[in-house]
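Q: Got a structure for you, questions after.
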Amino acid sequence: MIIKVLGSGCRNCVRLEENTRKAVEEIGIEAEIIKVTDFQDIASYGVMSTPALVIDEKVVSSGKVLKAEDIKEILEG
Amino acid sequence: MSGVILLFLLEWLNAHLLKMEWLNNLVAVLVKSIFGLDMNSRLGGSIHFFIYDVIKIFILLSVLIFLISYIQSFFPAERTKKILGSFSGITANILAALLGTVTPFCSCSSIPLFIGFTSAGLPIGVTFSFLISSPLVDLASIILLASIFNWKISAAYVLVGIVLAVIAGTVISKLKLEKYVEPFVYSNKMLDVEQEEMTSRERISFSINQLGEIIKKVWLYILVGVGIGALIHNYIPESIITAVLGQDKWYSVFIAVLVGIPMYADIFGTLPIAEALVFKGVGLGTALAFMMGVTALSLPSIIMLKKVVKVKLLTVFVGIVTLGIIIVGFLFNSFSYLLM
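Those protein sequences? They're chains H and B, same order as listed.
Under the working numbering, the very last position in the first sequence is 77; numbers go up by exactly one each time.
Under the working numbering, the very last position in the second sequence is 417; numbers go up by exactly one each time.
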């Protein structure tokens, strides 16, 4: 599973990455977490509000800092 | 008869919800009895102003941001993009400026947003109208402005901000500067992200989240802004302020804009400074020009825009907005007697 956190470095984006790592750790799944900061790459997903979360190339959330709980729900569901 | 009652009610609401006279008096009592300071002394006056203004701003901010985020949850950028796609010409610019006011928007999203709008086919003038009105005219600050000054000024500020955004965007479109956008922006392949409708519970959670995020971002700016405001109120002599920024000085607007533009601060931090300046005899237009300079343009946002737009277009953008702000400053200075 490849999880990408899209964001160009403002605090919200950093927090989403932290929450994502926490969620993955707590569930204990095998997942590679990549931070994407390049604007072109971010835009290529059709994302306009950062931060955004992409799981296996599918955009699951944009414009929100999901809490670890929410991320866990998405990963498990 | 009912008209009189309504007016009375509105005036009461204005005094107690917005200006919070009860809070003003409460803090005055606090300063006098617990700190033992005379309200008329510099220290007493400053501390009173500081405590009162900080609490007032935070209360208003919390209520406002929650309510406004709820409204904004209906206007994600993706929906704005779809709406704007169906309009053209100056209507599109006007809509973009209006939507910029209600779309929740973190400035780090400005680049992906620019790319998203542009590659979807929206003319760059329309995108710029959006990008200018977004930080400039903000629902929460409109209400804070009304609480600090009055509704007429707040309404005038909104009107002027939107007009500025529309004109700047239209000029940019007319100048046909599309060739100065970095090519990769146009060749971006657009994936239409499916926006699921939020349930009420999700909207509430979103609003609470936004409230937390925004407070975390701005609390320091507010404290600093109120601190500077308190200093201006009570320590910096009026003579110095009017010498540099006085209403009759033709250069006051230019200085305000020159100081404001490179700075980055949240609009909520600039409001107490604007209030203190006006109180000390600075022209309303000068104070507003300072506020607009700080919020509409800033070094960080210009640096970010540089990545998607070439220097020529960037210069035109900065130039038009600066000119607009200066004109607004002079306008408000000349007509402030009508508003205050």
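Where a beta carbon is used, it is the ideal one built from N, C-alpha and C, also for glycine.
For residue 7 of chain H, which residues from the same chain have a beta carbon less than 6 Å from its beta carbon, with the 5 sequence-adjacent residues on both sides left out?
A: Counting from one through the first sequence, the residue named residue 7 of chain H turns up at place 7. Excluding residues within five positions, the ones whose Cβ falls inside 6 Å are 13, 50, 51.
Q: Short check: CB of residue 167 of chain B to CB of residue 361 of chain B, under 9 Å?
A: Against the second sequence, residue 167 of chain B aligns to sequence position 90. Against the second sequence, residue 361 of chain B aligns to sequence position 284. Result no, Cβ atoms of residue 167 of chain B and residue 361 of chain B do not sit closer than 9 Å.
Q: Does residue 43 of chain H have its Cβ less than 9 Å from a Cβ in chain B?
A: The count along the first sequence starts at 1 and reaches residue 43 of chain H at position 43. So yes, residue 43 of chain H belongs to the interface.
Q: Looking at the strands, I want to know which residues DSSP matches up with residue 235 of chain B.
A: Here residue 235 of chain B is taken as the residue at index 158 of the second sequence, counted from 1. For residue 235 of chain B, which the question treats as bridged, DSSP gives no partner whatsoever.
Q: At the level of alpha carbons, what is the spacing between residue 24 of chain H and residue 75 of chain H?
A: Taking the first residue of the first sequence as 1, we reach residue 24 of chain H at position 24. Taking the first residue of the first sequence as 1, we reach residue 75 of chain H at position 75. Taking the straight line from one Cα to the other gives about 8 Å.
Q: Is the stretch 337-348 of chain B in contact with the stretch 201-219 of chain B, if contact means three or more CB pairs nearer than 8 Å?
A: Enough Cβ pairs lie closer than 8 Å, so yes.
Q: Count the other C-beta atoms from every protein chain shown that fall within 10 angstroms of the C-beta of residue 139 of chain B, then say buried if there are 16 or more, exposed otherwise.
A: Your numbering for residue 139 of chain B matches position 62 in the second sequence. Burial call: exposed.
Q: Between the C-alpha atoms of residue 73 of chain B and residue 275 of chain B, what's the straight-line distance to the nearest angstrom?
A: Nothing can be reported for residue 73 of chain B, as the shown portion of chain B is limited to 78 through 417.
Q: Is it a yes or a no for the stretch 53-70 of chain H touching the stretch 194-207 of chain B, going by three-plus beta-carbon pairs under 8 Å?
A: At 8 Å Cβ cutoff, the stretches do not touch.
Q: Against chain B, which members of the stretch 53-66 of chain H pass a CB distance test of less than 8 Å?
A: Of all residues in the stretch 53-66 of chain H, 59, 62, 63, 64, 65 have a Cβ within less than 8 Å of some Cβ in chain B.
Q: Out of B:107, B:336, B:293, which one is the CA nearest neighbour of residue 135 of chain B?
A: The residue labelled residue 135 of chain B in the question sits at position 58 within the second sequence. Nearest of B:107, B:336, B:293 to residue 135 of chain B, Cα basis: B:293.
Q: In the DSSP output, what is residue 52 of chain H paired with across the bridge?
A: As a first step, residue 52 of chain H must be located in the first sequence, where it is residue number 52. Bridge partners of residue 52 of chain H: H:6, H:62.
Q: Thinking just about the alpha-carbon of each residue, which of B:212, B:186, B:173, B:158 is nearest to the one in residue 368 of chain B?
A: The sequence position of residue 368 of chain B within the second sequence is 291, counting from 1. With distances taken between Cα atoms, residue 368 of chain B lies closest to B:212.
Q: Between the stretch 136-161 of chain B and chain H, which residues of the former have a C-beta closer than 8 Å to a C-beta of the latter?
A: If the cut-off is 8 Å between Cβ atoms, the stretch 136-161 of chain B has 153, 154, 155, 158 near chain H.
Q: Rounded C-beta distance between residue 146 of chain B and residue 189 of chain B? I'm assuming under 8 Å.
A: By 1-based counting over the second sequence, the position of residue 146 of chain B is 69. By 1-based counting over the second sequence, the position of residue 189 of chain B is 112. Contact flag wrong, Cβ pair sits at about 20 Å.
Q: Taking a contact to mean a Cβ-Cβ separation below 9 Å, would you say residue 32 of chain H touches residue 55 of chain H in this structure?
A: Taking the first sequence and counting its residues from 1, the one referred to as residue 32 of chain H is at position 32. Taking the first sequence and counting its residues from 1, the one referred to as residue 55 of chain H is at position 55. Contact flag unset, no.
Q: Mind checking if residue 286 of chain B is an interface residue toward chain H, Cβ cutoff 9 Å exclusive?
A: Your numbering for residue 286 of chain B matches position 209 in the second sequence. So, interface residue.
Q: DSSP three-state label for residue 258 of chain B, please.
A: Along the second sequence, one-based indexing puts residue 258 of chain B at 181. DSSP places residue 258 of chain B in strand when its eight states are reduced to three.
Q: Does residue 19 of chain H get closer than 9 Å to chain B when you measure Cβ to Cβ?
A: Translated into the one-based positions of the first sequence, residue 19 of chain H becomes position 19. Chain B, which has no Cβ nearer than 9 Å to the Cβ of residue 19 of chain H, makes this no.
Q: Is there at least one Cβ from chain B nearer than 9 Å to residue 48 of chain H's Cβ?
A: What you label residue 48 of chain H is simply residue 48 of the first sequence in a count that begins at 1. Closer than 9 Å to some Cβ of chain B, the Cβ of residue 48 of chain H qualifies, so yes.
Q: Where do the ends of the alpha helix (DSSP H) carrying residue 330 of chain B lie?
A: Here residue 330 of chain B is taken as the residue at index 253 of the second sequence, counted from 1. From DSSP, the alpha helix (DSSP H) with residue 330 of chain B extends over 329-337.
Q: In the stretch 17-48 of chain H, which residue ranges form an unbroken alpha helix (DSSP H) of at least 4 residues, counting only runs that do not cross its ends?
A: Qualifying alpha helix (DSSP H) stretches, in chain order: 39-44.
Q: For residue 387 of chain B, which residues in chain H fall below 9 Å Cβ to Cβ?
A: Within the second sequence, residue 387 of chain B is the residue found at index 310, counting from 1. Neighbours of residue 387 of chain B on chain H: none; closest Cβ ~15 Å, over 9 Å.
Q: Where does residue 360 of chain B sit, in a helix, a strand or coil, going by DSSP?
A: Indexing the second sequence from 1 puts residue 360 of chain B at position 283. If DSSP states are grouped into helix, strand and coil, residue 360 of chain B belongs with coil.
Q: With C-beta atoms as the reference, is residue 21 of chain B less than 9 Å away from residue 406 of chain B?
A: Not covered by the structure: residue 21 of chain B. The range shown for chain B is 78 to 417.
Q: Measuring only the C-alpha atoms, how far is residue 194 of chain B from residue 82 of chain B?
A: Taking the first residue of the second sequence as position 1, residue 194 of chain B is located at position 117. Taking the first residue of the second sequence as position 1, residue 82 of chain B is located at position 5. Taking the straight line from one Cα to the other gives about 48 Å.
Q: Below 7 Å CB to CB, which residues in the same chain sit around residue 370 of chain B once its five sequence neighbours on both sides are set aside?
A: To locate residue 370 of chain B, count along the second sequence from 1; it is residue 293. So the qualifying residues of the chain are 333, 334, 337, 338, 402.
Q: Excluding the 5 residues flanking residue 248 of chain B on each side, which residues of the same chain have their C-beta closer than 7 Å to its C-beta?
A: Stepping through the second sequence from its first residue, residue 248 of chain B is reached at position 171. Closer than 7 Å at Cβ, skipping near neighbours: 397.
Q: Can you name, in chain order, every residue of its own chain whose Cβ lies under 6 Å from the Cβ of residue 387 of chain B, other than the five neighbours on each side?
A: Locating residue 387 of chain B in the second sequence gives position 310, where the first residue counts as 1. Once the five neighbours on either side are set aside, the close Cβ partners of residue 387 of chain B are 257.
Q: Within 9 Å (strictly less), CB to CB, does residue 193 of chain B reach chain H?
A: Working through the second sequence from its first residue, we reach residue 193 of chain B at position 116. Yes, contact with chain H.
Q: Helix or strand or just coil, what does DSSP make of residue 386 of chain B?
A: Position 309 of the second sequence, counted from the first residue, corresponds to residue 386 of chain B. Strand.
Q: Looking at chain H, is there any beta carbon in it that lies within less than 9 Å of the beta carbon of residue 186 of chain B?
A: For the purposes of this step, residue 186 of chain B is taken as the residue at position 109 of the second sequence. By this cut-off, residue 186 of chain B is an interface position.
Q: For residue 411 of chain B, which residues of its own chain have a beta-carbon under 8 Å away from its beta-carbon, when the five flanking residues on both sides are left out?
A: Counting from one through the second sequence, the residue named residue 411 of chain B turns up at place 334. For residue 411 of chain B, where only same-chain residues beyond five positions count, the Cβ hits under 8 Å are 362.
Q: For residue 391 of chain B and residue 382 of chain B, which I take to be in contact (beta-carbon distance under 8 Å), what is that distance rounded to the nearest angstrom?
A: For this step, residue 391 of chain B is matched to residue 314 along the second sequence. For this step, residue 382 of chain B is matched to residue 305 along the second sequence. Confirmed, about 6 Å.
Q: What three-state label does DSSP hand residue 198 of chain B in the structure shown?
A: If you number the second sequence from 1, residue 198 of chain B lands on position 121. The answer is coil: DSSP assigns residue 198 of chain B none of H, G, I, E or B.
Q: In the DSSP assignment, the alpha helix (DSSP H) including residue 316 of chain B goes from what residue to what residue?
A: Translated into the one-based positions of the second sequence, residue 316 of chain B becomes position 239. Where residue 316 of chain B is concerned, the enclosing alpha helix (DSSP H) stretches over 315-322.
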